[in-house]
Amino acid sequence: MKIDVLTLFPEMFAPLDHSIVGRAKGLGQVDIGFTNFRDFSTNKHHKVDDYPYGGGAGMLLTPQPIFDAFASLDANRPRVIVTTPTGRPFTQQIAEEWAGEGHLVFLCGHYEGFDQRIHDELATDEVSIGDFVLTGGELAAMVMIDATVRLLPDVLGAQASHEDDSFSTGLLEYPHYTRPADFRGLKVPDVLLSGNHARIEAWRREQSLLKTYERRPDLLEAAELTERDKIFLES
Ligand code: 6GU
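Here the sequence shown stands for residues 1 to 235, where the numbers follow UniProt numbering.
What follows is the structure, encoded as structure tokens:
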């Protein structure tokens, strides 16, 4: 997969050189390029922003540097993602969709945002990572890149399957335990030591349902629940 990021702050993306995304880059599973659109400004002071027509607070990113930076990319119908708190909420389902694409382009906003013509002419997706306002789109783009790249074939180890990830089942994940079975008197639930796989599966399902009920009841509405799940939740 090829990812291009248009940003005023390419050095903010250093975290992607580490951990799993860093390894995916090293192995050539993803190629992430950065373009500082300030370099494309035709203004003699390399200005990229201007005052909003009609007045109001803050500055807007002006179309010329971004259109010209975009035109400089080697791109054949990429997904063009504009990071904005007014976008639709980013979800695991969107990450799964993007992981099947050949080329993603992220446009990272700053100040009060983009001139609307950037949204209208360049964006295929406008996405937010939550109901809060960040100083810029870089952190949001990194979040979305991380969530997408880990889903590419062979990026996670074979055993680290993502089929049980929170959200891909529609429920939050159940709690996990590793050795020791007794850590300073804090015990691992007996069922996990029982070797009884049917009981373990049933316990995990119940824990997922319980956690989702307590923390994210909105997810339960949309989740696929069995009769057994419903009886458990009513008890
Ligand atoms: Cl995608 N960008 C910015 N600037 N703020 C945000 C966001 C994105 N998602 C939530 N807040």
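Even glycine gets a Cβ: it sits at the ideal position worked out from N, Cα and C.
This structure is a prediction, so every number in the text was calculated from the model and none was measured.
- Distances from the CB of residue 133 to the heavy atoms of ligand 1 include at least one below 7 Å.
- For a cut-off of 8 Å, the C-beta gap from residue 1 to residue 90 is around 17 Å, too long to register as a contact.
- Excluding sequence positions up to five before and after residue 176, its CB lies less than 8 Å from no other CB in the same chain.
- Below 8 Å, too few C-beta pairs join the stretch 26 to 37 and the stretch 163 to 172 to call them touching: fewer than three.
- By the criterion of a C-beta distance shorter than 8 Å, residue 172 is surrounded in its chain by 166, 208, 211, 212, 215, 216 and 219, once the five residues flanking it on both sides are discounted.
- Following the DSSP letters along the chain, one finds residue 125 inside the beta strand (DSSP E) bounded by residues 125 to 128.
- Residue 105 sits away from residue 192, with the two beta carbons spaced by 8 Å or more.
- When beta bridges are read from the DSSP output, residue 182 appears opposite 187.
- Taking non-hydrogen atoms of ligand 1 into account, the C-beta of residue 149 is found less than 7 Å away from none of them.
- For residue 103, the uninterrupted beta strand (DSSP E) segment begins and ends at 103 to 108.
- Residue 125 is positioned such that its CB atom lies closer than 8 Å to that of residue 79.
- When DSSP states are grouped into helix, strand and coil, residue 150 belongs to the coil group.
- By the CB criterion at 8 Å, residue 122 and residue 134 fall outside the cutoff.
- Short note on residue 57: C-beta not closer than 7 Å to any heavy atom of ligand 1.
- In the DSSP assignment, no residue is bridged to residue 42.
- Of the candidates 131, 96 and 120, 96 places its Cα closest to the Cα of residue 149.
- Taking a cut-off of 8 Å on C-beta distances, the stretch 55 to 66 touches the stretch 109 to 116, as three or more cross pairs fall below it.
- The C-alpha of residue 235 lies about 26 Å from the C-alpha of residue 195.
- Residue 155 sits away from residue 119, with the two beta carbons spaced by 8 Å or more.
- When DSSP reads this structure, residue 61 sits in a beta bridge with 49 and 114.
- Between residue 206 and residue 12, the CB-CB gap reaches or exceeds 8 Å.
- Going by C-alpha positions, residue 49 is about 36 Å away from residue 151.
- The beta carbons of residue 87 and residue 127 sit closer together than 8 Å.
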